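So the sequence shown is numbered by the numbering used here: it starts at 21 and just counts up by one.
No residue lacks a Cβ here, since even glycine has one placed at the ideal position from N, Cα and C.
Source: prediction; values computed, not measured.
Comments concern the structure below.
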Amino acid sequence: MCGIIGHVGEGNAIDALLTGLENLEYRGYDSAGVAVQNGSGIEIRKRSGRLSELKTSLLGEQLEGEVGIGHTRWSTHGPPTDENAHPHTGATDDVAVVHNGIVENYAELRERLREHGHEFTSDTDTEVIPHLIGQYVAEGMATEAAFRRAVGELEGSYAVAAMVSDERAIYAARQGSPLVVGVEDEGVFLASDVPAFLEYTDTVAYLEDGDVAVIHPGGIELTDLAGRSVTRELRTVDWDPEQTAKGTYDHFMLKEIHEQPTALAQTVEGRVDRRSGAATLAEFEPGDFAGIDRVQLIACGTSYHAALYGSLLLNDAGVDSRALLANEYGDRSPPVDEGTLVIAVTQSGETADTLSALRRATAAGARTLTVTNVVGSTATRIADDRILIRAGPEIGVAATKTFSSQAVVLALLADRIARDRGDDSPLGPTLVSALKTLPRQIERVLSSTDAGAIARRYHGSRSYFFIGRGLGYPVALEGALKFKEITYEHAEGFAAGELKHGPLALVTPETPVFAVFTGEEDARTLKSAEEAATRGAPIVALCPADHRATAVADAHLEIPDAPPETAGLLANVGLQLVSYHAADLLERPIDKPRNLAKSVTVE
Ligand code: F6R
C-alpha cells in the first residue's frame, strides 16, 4: 500500500505534492511526509497521523523546491511514528527516498550496510534504500548507476522514488507496486495512481515491472534495470477531476453510493443488444469463449463477494464455476487446464493476493481474464484479457459502486460465455431488461429515508447479522463486511439456512437480523428470519413493498420489484446506506476506516 507522489518542474513543487498526497490518502494514512530540493540541499518534513497533521505543521513555513517527493503510509514494518514516516534518508541527508511495497531482504541488507558503518534510525524496510544509494555514490558511482544497483538488490515488491541534493531529477523504479507518470507543460509527475495529479494533467504513462525512470523538468528517460531503453505508451485518461472531488457530499463513500446509477449506465453502455436480449461484450471476438469448460473467479474482500455473485450467475447459465479467495488460491486450489478460464476480480487491479493468484493460474496453464476499474493496472497487464467495469474513480476505502459494476460485468460475462459455448443461456433476456431499469430503481432506493431511520433505530445494538439465500448470500456477506468496516461494530453475514446450524446461538433481542429477499425461495429465507425473530431478534426485511416478509419484520427497507439478478444489487445499495448512516452516527472516519487502505499491495 502507501501512496507516492513526485514532481519535477517549474515553480514550487510543494502545492502539487500536498494535493497529490491528499488524493492518495486512500492508500494509507498512518503518516505523511514530503522532501523538496532547491539545488542547495534536501528539506524533509514528516509526521505520524493524517496528512492534515503534516499540513498544520507546515503552516507559516516557507518550504520551497522545484523537485519534490511525498508519501502517505500504510504501515508494514514498524509502528506509525514520525521516525518511520517517509521520506527516509541515508547516512547523510543527500539522498531521500519514498517507497511503496515490502523489501523482503531488508534485514540482510541492513546487516551488510552496518558493516560499512551505516546506522539506522527507523524500523522500516525502506531505510536500506537511501543507505544503499548513498553507499554506492560514496564508492564513486554516478547517481543513476547507484540507484540502479540499489534497486537491483531489492527482493520483494517496490515502487521507489529517490532524489539527491544536487540534481533536478527524480529516480524511480517499480517491481510489483504501481507507478504512473503524468506529463504536463510545466513539468512531470510521478505517482502511485492517476487521481494524485489529475487536477494538473490527464496525459499519463504506466510504468511496468522492471522499469527505471529518470525524470527531469524536460521529460523522462525510461529504461529497464539493465539500462536498455523502453517505451511506454502515453495515453489520455478520461476521468474528470470533478469525479475525484467530494462535491456537496460529506464523504466520498456517500457520493460513490449515489453515483451508482450513472456508474452502472456506463458499465453497461454498448455491451448489450436490447433487441435480442444478449450480452455482446465487443471486447471479445464471437465464439471466443467456446472452449471454456469451467470458470474460477479469484478475488478478495468486496470483490470476492462480487465474484461469488458472478459465479452463481455463471452456474445458472450452465457454466461450471466457483469463486475462490485469492489469498487461499495456491497449492490446494482446484485443478486448471486449457479449458479453464480464471477471472481475477479486482477494483484496483493492484491487490497483491489477487495478482499472485493470477500469476499462479497463468503458470498452471489457465486462460486468464481480469475484471477491473483501473486502466493500465498491473492485473490488466498480466492477464490474457481484460474488461473494464467503467465505474469511475472510487476514493472511499469501502468499495461501493465498484461492487455493483463488477457484479453487472460478471453477469454480462456469464451470458456471453454461455452463448459462446452454445449453452441455452436463460440469463440474457431477463438480465438485459433488468439492467435497463436498474439505474432508475437504484435512484428510488437512494431517495428513500428508510436506511437512515433503520440505522438510528438499531444504533447501540450488540451485533448485526445479515442473511440471504442464492444471490442474496453474497449480498448478506457484503452487507456485513461494509458494516464492520466503517462502523467498527460486530457484524456477520450468513447463508440464511446456516443460521440454525450455529449462529442462532448468538441471536438475542440486541442483534438485529437484516434479511435479504431476492425472490429466490423467499419462503425459506423467511423461515430463517422467523427462527431468529422467535429468539427475540428484530428483523429488518429488504424486499418489495407487498412482500409477505413485511408482515413478520420489525422494520422494512423497501427494494423495488426486480428479478433476482438485480434484486440483490438493489438490496446491497440499501445496506450500503444503512452502514453509512450507522457509521455517521458513531462519528467514524467513514472514508478512511482505521487499519485499512484502498489498495492492498502486500500479501
Ligand atoms: C472492502 C474493500 C476491500 C477490497 C479488497 C480487494 O470495502 O474495499 O475488501 O474489496 O481489498 O480490493 P480490489 O478489488 O482492489 O482487489
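Closest in alpha carbon position to L317, among Q280, Y220, V429, T251, is V429. Taking a C-beta distance under 9 Å as the contact criterion, L284 and S424 qualify as a contact pair. In terms of Cα proximity to G594, the closest of E370, H576, E147, L129 is H576. In the structure shown, E498 falls within a helical segment according to DSSP collapsed to helix, strand and coil. Counting of Cβ neighbours within 10 angstroms places L242 among the buried residues, the total reaching 16 or more.
Judged by beta-carbon spacing, D113 lies beyond the 9 Å limit of I153, meaning their Cβ atoms are not closer than that value. Taken from the Cβ of C22, every heavy atom of the ligand F6R lies 8 Å or farther away. Using a Cβ distance threshold of 9 Å, T264 and P413 count as a contacting pair. Judged by the Cβ position, Q57 fails to qualify as a neighbour of the ligand F6R at the 8 Å threshold, every heavy atom of the ligand being at least this far. For A55, the enclosing beta strand (DSSP E) covers residues 51-57. A377 has its CB no nearer than 8 Å to any heavy atom of the ligand F6R.
Here DSSP, grouped into helix, strand and coil, assigns V180 to strand. Within the region 539-609, the complete alpha helix (DSSP H) segments of 4 residues or longer fall at 542-554, 569-572, 584-605, listed in chain order. When DSSP states are grouped into helix, strand and coil, N615 belongs to the coil group.
When DSSP assignments are scanned along the region 56-89, the uninterrupted stretches of beta strand (DSSP E) that are 3 or more residues long and fall wholly within it turn out to be 62-68. C-alpha of E512 to C-alpha of Y484: approximately 7 Å in a straight line. S95 carries a coil assignment under DSSP once its states are collapsed to helix, strand and coil. Residues of the same chain with a CB within less than 8 Å of the CB of E585, apart from the 5 flanking positions on each side, are L333, A431, L447, T450, L451, A454, L491 in chain order. Taking 9 Å as the cut-off, the Cβ atoms of V184 and I149 do not count as close. In terms of side-chain proximity, the C-beta atom of V365 is found nearer than 8 Å to a non-hydrogen atom of the ligand F6R.
For H119, no alpha helix (DSSP H) encloses it; the enclosing beta strand (DSSP E) starts and ends at 115-123. By the neighbour-count criterion, in which 16 or more other beta carbons inside 10 Å mark a residue as buried, A127 falls on the exposed side. Look at Q367 here: in three-state DSSP terms it is coil, with no helix or strand label. DSSP, read as helix, strand or coil, puts G517 in helix.
In this model, R401 and F304 are separated by some 17 Å (Cα to Cα).
Taking the Cα positions, L41 is about 18 Å away from W259. Taking 8 Å as the cut-off, the C-beta of E512 does not count as close to any heavy atom of the ligand F6R. The Cβ atoms of I235 and V257 lie no closer than 9 Å to each other. Y324 carries a helical assignment under DSSP once its states are collapsed to helix, strand and coil. Sorting E159, A418, E540, A543 by C-alpha distance to the C-alpha of K502 places A418 at the top.
Cα atoms of H510 and Y156: separation of roughly 52 Å, rounded to the nearest angstrom.
Placement of the Cβ of G321 at a distance of less than 8 Å from at least one heavy atom of the ligand F6R is found. Excluding sequence positions up to five before and after L519, its CB lies within less than 7 Å of the CB of I487, S548, E551, A552, all in the same chain and listed in chain order. Short note on K275: C-beta not closer than 8 Å to any heavy atom of the ligand F6R. Between the ligand F6R and G48, a heavy atom-to-CB distance of less than 8 Å is absent. Assigned with DSSP and collapsed to three states, A511 falls in strand.
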